[in-house]
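Working notes, structure below.
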Amino acid sequence: MKQILLFGLFLFFTQTGIYAQENDQVEGQQQNSKEHPEEGAQHDQENISYEGLFAPFKKFPNLHALVVHFPVVLIPMALLFQIISFFWYRKGMSISTLILLSIGIAGGLVAAFWLHPHIGDLSPKAYEVFKTHEQYAYWTLIIGGAALLLKLISFYFLNNNKIAELCALVLILGATYTISMAGHLGSQMVYIEGIGPKGNKLEQHNQ
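Its first residue numbered 1, the sequence shown is counted upward by one per residue in the UniProt record's numbering.
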């Protein structure tokens, strides 16, 4: 029963996060098509350059956006499970928090370093948004990493000590705030500053 509950919560929040992101993308594309119908039609023609529904990875100018959803979704989920662990299924929820936080931080490391996009020429405002986005992302890794370390110590050596668990909760809350700010600025970069769509304002190192 416990495993079914955990799996159900995982699916619910994962699908909710993915749906919200996809809905934002669709709305942004529809608004852009209405404001610039000629550009929208041109982009549609340019996109018809591969077979099938799903574009191959090589068609993406950068894979950052495909990985960054892991920390965006899983770190807030880890916060929820950490809160629940104070009331129900203490050990099981604590393990779930560890798993979610571990995958979220791992995804953040990949997105921030291995798949970090290289930005081309930007306006001063766009550059400020980009640098602040980076700062929040790095703070997420630092605070989230500290939370993960504390959770590991609490779980394996302190038998889920309440003070240690409370401190971990505060750190996960901080990481949730910073990843939310990073996500907000990331969306702002794409939909307002125009950084990223079709490789716009990204340095193309494979050409």
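By construction, the Cβ of each residue, glycine as well, lies at the ideal position given by its N, Cα and C atoms. On a predicted model such as this, the values are computed, not experimentally measured, just so you know.
### Query
Between E165 and V67, what straight-line distance do the alpha-carbon atoms span, to the nearest angstrom?
By 1-based counting over the sequence shown, the position of residue 165 is 165. By 1-based counting over the sequence shown, the position of residue 67 is 67. Distance between the alpha carbons of E165 and V67: 28 Å.
G194 to H133 span [Cα, whole Å]: Here residue 194 corresponds to residue number 194 of the sequence shown, with the count starting at 1. Here residue 133 corresponds to residue number 133 of the sequence shown, with the count starting at 1. G194 and H133: Cα-Cα distance of roughly 15 Å.
6 Å CB neighbourhood of H64 in its chain, flanking five on each side removed = Counted from its first residue, the sequence shown places residue 64 at position 64. Cβ neighbours of H64 beyond the five flanking positions: A111, L115 and P117.
I'd like to check one pair, P61 with L202: are the Cβ atoms closer than 8 Å? Taking the sequence shown and counting its residues from 1, the one referred to as residue 202 is at position 202. Taking the sequence shown and counting its residues from 1, the one referred to as residue 61 is at position 61. Yes, Cβ-Cβ distance for L202 and P61 is below 8 Å.
Please state whether DSSP places L149 in a helix, a strand or coil.
Start at 1 with the first residue of the sequence shown, and residue 149 comes out as number 149. Helix, per DSSP.
By the DSSP assignment, the alpha helix (DSSP H) with A78 in it spans what residues? Numbered from 1 along the sequence shown, position 78 holds the residue referred to as residue 78. That run of the alpha helix (DSSP H) goes H69 to I84.
If you draw a straight line from the C-alpha of M77 to the C-alpha of F70, how long is it? The residue labelled residue 77 in the question sits at position 77 within the sequence shown. The residue labelled residue 70 in the question sits at position 70 within the sequence shown. For M77 and F70, the distance between alpha carbons rounds to 10 Å.
For L173, name the three-state secondary structure that DSSP assigns. In the sequence shown, the residue the question calls residue 173 occupies position 173. In this structure, L173 counts as helix in the three-state DSSP scheme.
Is the region 48 to 56 in contact with the region 81 to 93, if contact means three or more CB pairs nearer than 8 Å? No, the region 48 to 56 is not in contact with the region 81 to 93.
What is the residue span of the alpha helix (DSSP H) that A106 lies within?
-> Residue 106 sits at position 106 when you count from the first residue of the sequence shown. Unbroken alpha helix (DSSP H) run through A106: R90 to L109.
> Distance, Cα to Cα, L141 vs F57?
Replying inline: Taking the first residue of the sequence shown as position 1, residue 141 is located at position 141. Taking the first residue of the sequence shown as position 1, residue 57 is located at position 57. Whole-angstrom Cα-Cα distance: 26 Å.
I'd like to confirm the pairing. Which residues does DSSP put opposite I119 in its beta bridges?
Translated into positions along the sequence shown, residue 119 becomes position 119. L202.
Item to complete: Please go through the same chain and pick out, in chain order, the residues whose beta-carbon is closer than 8 Å to the beta-carbon of L109, but skip the five residues on each side of it.
Response: The residue labelled residue 109 in the question sits at position 109 within the sequence shown. Counting only Cβ-Cβ distances below 8 Å, and skipping sequence neighbours, we find L141.
Notebook entry, point to check: Taking V72 as the reference, which of C167, A106 and L150 has the closest Cα?
Noted result: For the purposes of this step, residue 72 is taken as the residue at position 72 of the sequence shown. Of C167, A106 and L150, the residue nearest in Cα terms is A106.
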